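Participant: The sequence shown maps to residues -25 to -1, 1 to 415 in mature numbering (1 follows the signal peptide of the UniProt record, and there is no 0). Every residue gets a Cβ at the ideal spot worked out from N, C-alpha and C, and that includes glycine. Just so it is clear, the structure is predicted and the values come from calculations on it, not from any experiment.
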Amino acid sequence: MQTRFKLRFIGLSILTLLVSSSQCSSEKSFSGNTDVNLEGGVAIPTAGNSWFINQPFKNHQYITDNGIEHWSGHGDTIRTYFRVGSANSLSLGIRARARGEASSVAVEVCGQATEIKVTSAEFTDLPVGEFKLNDAGYQEVDIISSPGNQNAELDISHIIVAGDFKELDYVKDDFYWGRRGPSVHLRYNIPKEASPIRYFYNEITVPEGEDVQGSYFMANGFGQGYMGIQVNSEVERRILFSVWSPFHTDNPDEIPEHMRIKLLKKGDDVHAGKFGNEGSGGQSYKKFMWKAGVTYGFLLKGEPTESNSTRFTAWFFDPESNQWSLIASFERPETNTYLTGLHSFLENFRTETGFISRKAYYSNQWVFDIGENWHRLTGAVFTADATARKKARLDYAGGAEGGKFFMKNCGFFNSGVEIDSEFFREPVGKRPQINFEELP
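In structure tokens:
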């Protein structure tokens, strides 16, 4: 996994608080200065806006719904993010308390530093400094600990921000979803001349360095499920295909027998079972170490039966083997439809990596209708989830580049892309050469 930030190590045997935004400059030289007005400031909860950036999987250990808790110096870096709508002066503080021994906190702002003592066992708002922001957009506050401070534990519940901003955006609630980051989608336009769709073909290329853990690059979404590729860990990646049950529940055990998704067949080395939490149904996946920089093909089929059910089948194309492989075929009861609601999405399903950006290209989309005609898809509407729409997270982008659609999310980058924008890609890419009868 490649991260998109540079770590800075400061040779101090104390906890270090570093405001690292390149979009700010200090208004005064600090040397123990605490003459900062935090009146009317906004308390930004670290619970939803802070991450261990050099050791992401420590986040579960030290960051809870209450914020940063029981944290001691272990050479860690915690970064807090917020977004301002205008470049004005900013006053900054932290709401912290010491557990046992007092802690010294060094503050560095745009290359200038000061020190603050955290001595109280009760939460106290401690002034940090005043800064002039050069640009609007996302700002960063780093807290860097030193291995020399092993015995002092510190709680930091909030970062205090005061200033005259047009907007101040951050994760205010729903911390789980806020830490995952915004999910973004492309809803494809289907040509009017197309009859009902039997097959949907798509391609995904994840650039090198964008294959971040927790990413789900979903290629072939439809009204009843989805198919794509995931980064599950450093040593595991998957091809995933899921179909929701028509019975609405987050607990698959509650689904009546006659409304359960039926597995018809599955490919070699494919695991098939049931899933829950975000709807329930049938799920299949194949562990496959797909590679960044390689373009993979995805094919989905949807066709109704004569018994008021629909069969959905998914295949995956690996260019290195030059072969299609079957993932699975499911039958969904009480459903009579061909493929509808075709879309793709990009999401992060691990809260630990919600601060790291990831991007993918979605290209060469085609549909094959029941009249046996291929139709190229060149238009799509860019949408996003509730986390983005309520401005908890604004680090998302989408559009068209070089004849391909793209989506990007997480990482707290600044983007001017508006939700519900429509994009068009150049009509490039070859029609799929697939003999459907020879598919596994």
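I'd like the ranges of any beta strand (DSSP E) spanning at least 3 consecutive residues and lying wholly in the segment 32 to 104.
Facilitator: With a minimum length of 3 residues, the continuous beta strand (DSSP E) runs that stay inside the segment 32 to 104 are 42 to 46, 52 to 59, 64 to 74, 78 to 84 and 87 to 93.
Participant: For residue -11, does the three-state DSSP call read helix, strand or coil?
Facilitator: Low local confidence applies: a pLDDT of 48 at residue -11 is under 50, so the model's placement there is unreliable, with the coordinate-based value given in what follows. Reduced to three states, the DSSP call for residue -11 is strand.
Participant: Would you check if the distance between the CB atom of residue 198 and the CB atom of residue 354 is smaller than 8 Å?
Facilitator: No, Cβ-Cβ distance for residue 198 and residue 354 is not below 8 Å.
Participant: Does the contact criterion of 3 or more C-beta pairs under 8 Å hold for the segment 213 to 220 versus the segment 357 to 372?
Facilitator: Flag = no, the segment 213 to 220 and the segment 357 to 372 do not touch.
Participant: Output the distance between the C-alpha atoms of residue 192 and residue 292, rounded to the nearest integer angstrom.
Facilitator: Taking the straight line from one Cα to the other gives about 15 Å.
Participant: Look at the alpha carbon of residue 283 and the alpha carbon of residue 267, and state the distance between them as a whole number of angstroms.
Facilitator: Whole-angstrom Cα-Cα distance: 41 Å.
Participant: How many Å lie between residue 168 and residue 249 at the Cα?
Facilitator: Computed Cα separation, rounded: 37 Å.
Participant: Does the segment 299 to 319 come into contact with the segment 160 to 178, if we say contact requires no fewer than three beta-carbon pairs (one atom in each stretch) closer than 8 Å?
Facilitator: Yes: at least three Cβ pairs fall under 8 Å.
Participant: Determine, using beta carbons only, whether residue 398 and residue 334 come nearer to each other than 8 Å.
Facilitator: Result no, Cβ atoms of residue 398 and residue 334 do not sit closer than 8 Å.
Participant: Can you name the start and end residues of the beta strand (DSSP E) that residue 355 belongs to?
Facilitator: Unbroken beta strand (DSSP E) run through residue 355: 354 to 359.
Participant: Check each candidate in 357, 356 and 339 and name the one with the smallest Cα separation from residue 349.
Facilitator: Residue 339 is the option with its Cα nearest to residue 349.
Participant: With three or more C-beta pairs closer than 8 Å as the rule, is the segment 54 to 72 touching the segment 105 to 119?
Facilitator: A contact exists between the segment 105 to 119 and the segment 54 to 72.
Participant: Three Cβ pairs or more, each shorter than 8 Å: is that satisfied between the segment 133 to 141 and the segment 231 to 239?
Facilitator: The segment 133 to 141 is not in contact with the segment 231 to 239.
Participant: Run through the DSSP bridge pairs and tell me what residue 373 is partnered with.
Facilitator: DSSP lists 382 as partners of residue 373.
Participant: Go through its chain and collect everything with a Cβ distance to residue 23's Cβ below 7 Å, but skip five positions before and after it.
Facilitator: These residues qualify, in order along the chain: 146, 150, 153 and 154.
Participant: Under a three-way DSSP split, which group does residue 234 fall into?
Facilitator: In the structure shown, residue 234 sits in a helix (DSSP, three-state: H, G or I).
Participant: Return the CA-CA distance between residue 331 and residue 233, expressed in angstroms with no decimal places.
Facilitator: Going by the C-alpha atoms only, they are around 43 Å apart.
Participant: Three or more C-beta pairs under 8 Å: does that hold for the segment 261 to 276 against the segment 175 to 194?
Facilitator: These segments touch.
Participant: Identify which residue in 174, 392, 257 and 271 has its Cα closest to the Cα of residue 419.
Facilitator: Summary: the structure shown does not reach residue 419, with the chain confined to residues -25 through 415, and so no result is reported for it.
Participant: Determine the burial state of residue 370: buried for a count of at least 16 other Cβ atoms within 10 Å of its Cβ, exposed for fewer.
Facilitator: Buried.
Participant: Using a Cβ-Cβ cutoff of less than 6 Å, which residues in the same chain neighbour residue 206 once the five nearest sequence positions on both sides are dropped?
Facilitator: For residue 206, where only same-chain residues beyond five positions count, the Cβ hits under 6 Å are 186, 188, 190 and 212.
Participant: Mind checking whether residue 172 and residue 313 have CB atoms under 8 Å apart?
Facilitator: Yes, the Cβ-Cβ distance between residue 172 and residue 313 is below 8 Å.
Participant: Find out if the Cβ-Cβ distance for the pair residue 156, residue 368 is shorter than 8 Å.
Facilitator: Yes. Within cutoff.
Participant: Looking at the unbroken beta strand (DSSP E) that takes in residue 263, where does it start and where does it end?
Facilitator: Careful: residue 263 lies outside any beta strand (DSSP E) and carries neither H nor E.
Participant: Does the beta-carbon distance from residue 72 to residue 98 come in below 8 Å?
Facilitator: Cβ distance < 8 Å, so residue 72 and residue 98 count as in contact.
Participant: Thinking C-alpha only, which one of 376, 64, 342 and 176 is nearest residue 271?
Facilitator: Looking at the Cα atoms, 176 is the closest of the given residues.
Participant: Indicate the three-state DSSP secondary structure (helix, strand or coil) for residue 24 in the structure shown.
Facilitator: In this structure, residue 24 counts as helix in the three-state DSSP scheme.
Participant: Got a sec? Which residues, its chain only, sit under 6 Å from residue 411 by beta carbon, not counting five neighbours each side?
Facilitator: Correct list: empty, nothing qualifies.
Participant: Is DSSP giving residue 153 helix, strand or coil here?
Facilitator: In the structure shown, residue 153 sits in a helix (DSSP, three-state: H, G or I).
Participant: Might you give, ordered along the chain, the residues of its own chain that have their beta carbon closer than 8 Å to the beta carbon of residue 46, omitting 5 neighbours on each side?
Facilitator: Once the five neighbours on either side are set aside, the close Cβ partners of residue 46 are 37, 53, 120, 128, 129, 130 and 131.
Participant: Would you list the one or two residues that DSSP bridges to residue 319?
Facilitator: BP columns for residue 319 point to 161.
Participant: Should residue 94 be labelled buried (16 or more other beta-carbon atoms within 10 Å of its own) or exposed?
Facilitator: Looking at its Cβ environment, which holds fewer than 16 other Cβ atoms inside 10 Å, residue 94 is exposed.
Participant: Is the distance from the Cβ of residue 323 to the Cβ of residue 279 below 8 Å?
Facilitator: No, they are not a contact pair.
Participant: If we ignore side chains and look at the alpha-carbon of each, how far apart do residue 402 and residue 255 end up?
Facilitator: The straight-line gap from Cα to Cα measures roughly 37 Å.
Participant: Whole angstroms is fine: what's the gap from residue 227's alpha carbon to residue 260's?
Facilitator: In a straight line, the C-alpha of residue 227 is about 17 Å away from that of residue 260.
Participant: Applying the 10 Å Cβ sphere with the 16-neighbour rule, what's the burial state of residue 96?
Facilitator: Residue 96 is exposed by the Cβ-count criterion.
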